[in-house]
Amino acid sequence: MNQPDDLIVCRCEEISLGEIRDAVREGARDPDAVKRMTRAGMGLCQSKTCFNLIARLIHEETGIPLRDLKPFTTRPPVRPVPVKSWGAVRVKSCEK
Ligand code: FES
0 MNQPDDLIVC RCEEISLGEI RDAVREGARD PDAVKRMTRA GMGLCQSKTC FNLIARLIHE
60 ETGIPLRDLK PFTTRPPVRP VPVKSWGAVR VKSCEK
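Residue numbers (numbering that gives the first Met the number 0): 0 to 95.
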């Protein structure tokens, strides 16, 4: 990928091409390893925007075929919710 290092690849987490390239050069050999090292792919879009770019960079840096690079392990986004949204949930008091 012939682009400057400061190019943002993962917009949700603001991870640059240089950060991802460094992770691959330090040993990341699959998208999940890049994710653990940089947080790329952990944003709200859950890598829908950045996965292909990250996979392509890994392929270009390592020669690993694109078909061998599995998608990120997906997890639902976790967001805080107000207690009042729980509706009828009853909370026991700890006081005696
Ligand atoms: S652009 Fe990377 S997680 Fe959204």
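Just so it is clear, CB atoms sit at the ideal spot from N, CA and C, and this is done for glycine as well.
Computed from a predicted structure; not experimentally measured.
#### Entry: Any non-hydrogen atom of the ligand FES closer than 6 Å to Gly42 Cβ
Yes, Cβ of Gly42 sits closer than 6 Å to a heavy atom of the ligand FES.
### Message
Given a cut-off of 7 Å on the beta-carbon distance, is the pair Leu56 and Ile14 in contact?
### Response
Not closer than 7 Å, so no.
### Query
CB of Ser15 to nearest heavy atom of the ligand FES: below 6 Å?
Answer for Ser15: no, Cβ out of range of the ligand FES.
### Query
By a C-beta neighbour count over all protein chains shown, 10 Å radius and 16 as the cutoff for buried, is Ser46 buried or exposed?
The residue in question, Ser46, is buried, as its Cβ has 16 or more Cβ neighbours within 10 Å.
### Query
Would you say Thr48 touches the ligand FES, meaning its beta carbon is less than 6 Å from a heavy atom?
Distances between the C-beta of Thr48 and the heavy atoms of the ligand FES include at least one below 6 Å.
### Query
Exposed or buried, what is Glu94 when buried is set at 16 or more other beta-carbons lying within 10 Å of its beta-carbon?
By the neighbour-count criterion, in which 16 or more other beta carbons inside 10 Å mark a residue as buried, Glu94 falls on the exposed side.
### Query
What are the partner residues of Cys9, as DSSP defines its beta bridges?
DSSP, once it has assigned bridges, lists Ile14 as partnering Cys9.
### Message
Assess contact between the region 78-90 and the region 30-41, defined as three or more Cβ pairs (one per stretch) separated by less than 8 Å. Is contact present?
### Response
The answer is no - the region 30-41 does not touch the region 78-90, with fewer than three Cβ pairs under 8 Å.
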